[in-house]
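Just below is one structure, and these are the notes that go with it.
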Ligand code: HEC
Ligand code: HEC
Ligand code: HEC
Ligand code: HEC
Ligand code: HEC
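What follows is the structure in structure tokens.
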């Protein structure tokens with residue numbers, strides 16, 4: 002009898018434990034998985050995103066964030082810029098969708114909150130992101146309409162803080178921000194008054210650290226820093242001179258060029274001419290009203306999606322790319338009667354490495370031709386065939402590999418870079434070539450072009466399907482110089498003299 006009682010108690014306890022575990026699992030599955038990192042629970046881990054709801058215990062719902070259309074009425078200038086920006090299509094971008102779908106399938110859904118945390122923070126916060134295998138070549142995602150608007154006004158302007166102290170390095174990244182949706186819109190105006198919403202001054206919005214929450218990405222498992230635009234900037238002379246991301250990406254290109262050349266924040270430039278009304282119904286003009294086109298180097302996607310006004314954003318992106326770098330030549334005699342051409346590529350005006358972020362997908366390379374005065378081609382390198390960068394080209398990118406050192410560009414597999422060749426801010430890299438001048442040549446011409454593609458054609462073909470998108474090649478810089486054979490002889494004897502000394 003006693004024995005039986007003991008057993009049944011044991012059974013009951015086991016049953017209770019099972020029920021508890023099962024219901025806990027159900028709660029975790031239906032709501033959000035919570036994982037502690039440094040003793041703090043992150044409801045959308047591996048995203049370091051947090052949402053603070055006004056009402057105690059309230060769950061974030063799509064209606065807690067307002068549609069950009071609502072803001073457009075009083076902030077037409079900001080709306081016009083934003084609607085052509087990559088931020089407005091950070092969820093719909095077909096290249097992103099395809100890569101995310103591949104990641105989703107390869108990791109059994111583990112990348113849903115990771116990738117979504119930056120590309121659709123509202124989708125992750127409201128749990129409305131759904132995978133649909135019938136979309137695109139590899140499957141795709143849908144979300145609540147407001148979440149499909151990506152990094153929208155109310156994402157950035159309800160950000161009230163950062164959770165960066167809890168990342169592995171204490172630096173911002175992996176969606177380390179707090180959103181407090183509601184009436185309060187936060188930015189950098191002091192004493193602003195709006196008839197429609199409350200306002201609050203936010204120091205964070207003045208800083209690169211604000212952007213960094215999304216513009217620094219590390220792998221959630223192996224912790225490899227896959228993309229580190231903010232870290233690159235932080236180690237640059239721009240950061241040392243108080244120049245923030247906003248100083249180049251929230252002003253017109255011509256202003257950004259001055260910022261890089263004068264090494265001053267936009268507000269300190271003489272006659273910057275950026276003033277105006279920040280919103281309809283504002284009492285006074287402001288010293289600076291910020292561009293919201295967030296123009297970078299992408300000249301493809303907004304146009305491919307048929308975004309209204311995409312051509313203006315594209316023109317700005319072209320100008321940004323065309324003013325980022327400088328080219329120069331040095332020709333020095335080499336062994337065995339050969340000459341060495343050194344093409345110097347300087348990153349003059351990007352506040353981070355060139356290229357940055359997806360340094361393993363972006364393509365920057367040199368095309369070089371040397372011809373003599375008799376019409377002989379002495380050298381050619383980097384000539385694209387069928388829009389593919391040839392293997393002999395000098396490229397300025399990082400090569401990503403998996404944990405076994407095998408090349409991969411899948412973000413969920415990347416564990417390291419085995420070759421680093423992006424160009425640091427205000428720094429330079431060389432492309433080096435050898436050529437022979439025929440005895441009959443009296444002179445020769447050197448031509449170089451620096452090219453940019455957002456992705457290799459092969460990547461676009463793999464993600465979207467063959468022939469769906471022709472990746473444009475942007476000529477960032479071009480340089481042609483004529484040399485006489487006599488110049489080379491002088492150079493040769495000068496080097497010989499220097500060597501003899
Ligand atoms: C009825 C007009 C109106 C609407 C609609 C409106 N705003 Fe405003 N907003 C203003 C005015 C006016 C200001 C104050 C400008 C000033 O003080 O120079 C302002 C200021 C702001 C500021 C600056 C806050 C600060 O303190 O730095 C932000 C950010 C902002 N609005 C975002 C939004 C967003 C996001 C929406 C849409 C969800 C929106 N606004 C809708 C009129 C409006
Ligand atoms: C990626 C984040 C981001 C998005 C998206 C965004 N903003 Fe902003 N916005 C900022 C930042 C940062 C500032 C302040 C820049 C500074 O002072 O250096 C700002 C400034 C403002 C201001 C103050 C006046 C000015 O222009 O400086 C208003 C008003 C505003 N934004 C409205 C909007 C509206 C409306 C939208 C959507 C159509 C929007 N923003 C989308 C980041 C964003
Ligand atoms: C910490 C924020 C963050 C996370 C996490 C993140 N991304 Fe991104 N992603 C970005 C930013 C910022 C860019 C823009 C960089 C640029 O254009 O230089 C970007 C750009 C991209 C692009 C290039 C789009 C284009 O058209 O050029 C792809 C593809 C992409 N991300 C895929 C992913 C996938 C897949 C994941 C998850 C495995 C992911 N991202 C996770 C922030 C993030
Ligand atoms: C909530 C996350 C988030 C924040 C905050 C954010 N970004 Fe982005 N940003 C993205 C994502 C995601 C993309 C890529 C969209 C795509 O290509 O699919 C992007 C794209 C960009 C691009 C276009 C890159 C290209 O290839 O042309 C620029 C420039 C940019 N962001 C600058 C900024 C700046 C400057 C700030 C701070 C004022 C900022 N971003 C804040 C997530 C964010
Ligand atoms: C001194 C001006 C300057 C500053 C400061 C600056 N950028 Fe840029 N950025 C550029 C230029 C020029 C380009 C175009 C060349 C390129 O693609 O790198 C660019 C390109 C980009 C791109 C697209 C890169 C690509 O090829 O896909 C992103 C994303 C970006 N910037 C984000 C940022 C962020 C985030 C910060 C702050 C941490 C920042 N930038 C600071 C000038 C600047």
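Residue numbers (the working numbering): 2 to 502.
Glycine included, each C-beta is placed from N, C-alpha and C at the ideal position.
All of these numbers come straight from a predicted model, not from anything done at the bench.
For the 8 Å CB-CB criterion, residue 147 and residue 66 form a contact.
For ligand 1, residues qualifying as neighbours are 67, 71, 72, 74, 75, 76, 154, 155, 158, 186, 188, 189, 190, 193, 194, 195, 196, 197, 198, 200, 201, 202, 279, 280, 281, 282, 283, 287, where qualification means a beta carbon closer than 6 Å to at least one of its heavy atoms (chain order). By the C-beta density criterion, residue 375 is exposed, having fewer than 16 other C-beta atoms within 10 angstroms. With respect to the C-alpha of residue 118, the residue from 86, 48, 135 having the closest C-alpha is 48. For residue 211, the enclosing alpha helix (DSSP H) begins and ends at 209-213.
The stretch 181-195 and the stretch 132-143 do not touch, with fewer than 3 CB-CB distances between them shorter than 8 Å.
Residue 398 and residue 357 have their C-alpha atoms some 9 Å from each other. Around the beta carbon of residue 488, a 10 Å sphere encloses fewer than 16 other beta carbons of the protein chains shown; the residue is thus reported as exposed. With a cut-off of 8 Å on Cβ pairs, the stretch 321-329 is in contact with the stretch 341-351, counting three or more such pairs. Note that the C-beta distance between residue 412 and residue 104 is below 8 Å. Rounded to the nearest angstrom, the gap between the Cα atoms of residue 360 and residue 228 is 8 Å.
Residue 67: not part of any alpha helix (DSSP H); DSSP gives it neither H nor E.
Closest by C-alpha distance to residue 149, out of 120, 174, 351, is 120. Here residue 74 has 281 as same chain residues with Cβ atoms under 8 Å from its own Cβ, once five neighbours each way along the sequence are excluded.
The stretch 417-431 and the stretch 234-251 touch, with no fewer than 3 CB-CB distances between them shorter than 8 Å. Secondary structure in the stretch 90-158: the alpha helix (DSSP H) runs of 4 residues or longer, each lying completely within the stretch, are 95-107, 113-120, 122-127, 146-149, 154-157 in chain order. Within the stretch 373-461, the runs of beta strand (DSSP E) at least 3 residues long that lie entirely inside it are, in chain order, 378-382, 399-402, 417-421, 429-436, 444-454. In terms of Cβ geometry, residue 460 and residue 362 form a close pair [threshold 8 Å]. DSSP places residue 287 in no alpha helix (DSSP H); its state is neither H nor E. Secondary structure at residue 258: helix, using DSSP grouped into helix, strand and coil. Rounded to the nearest whole angstrom, the CA to CA distance from residue 159 to residue 378 is 60 Å. Between residue 41 and residue 306, the C-beta spacing is not below 8 Å. When 289, 46, 279, 190 are compared, the shortest CA-CA separation from residue 269 is found for 289.
The DSSP-derived three-state label of residue 370 is strand.
As the crow flies, the alpha-carbon of residue 170 is around 53 Å from that of residue 438. Relative to the non-hydrogen atoms of ligand 4, the Cβ of residue 318 comes within a distance shorter than 7 Å of at least one. Note: residue 341 is bridge-paired with 333, 435 in the DSSP secondary-structure output.
Straight through space, the alpha carbons of residue 279 and residue 201 are spaced by roughly 14 Å.
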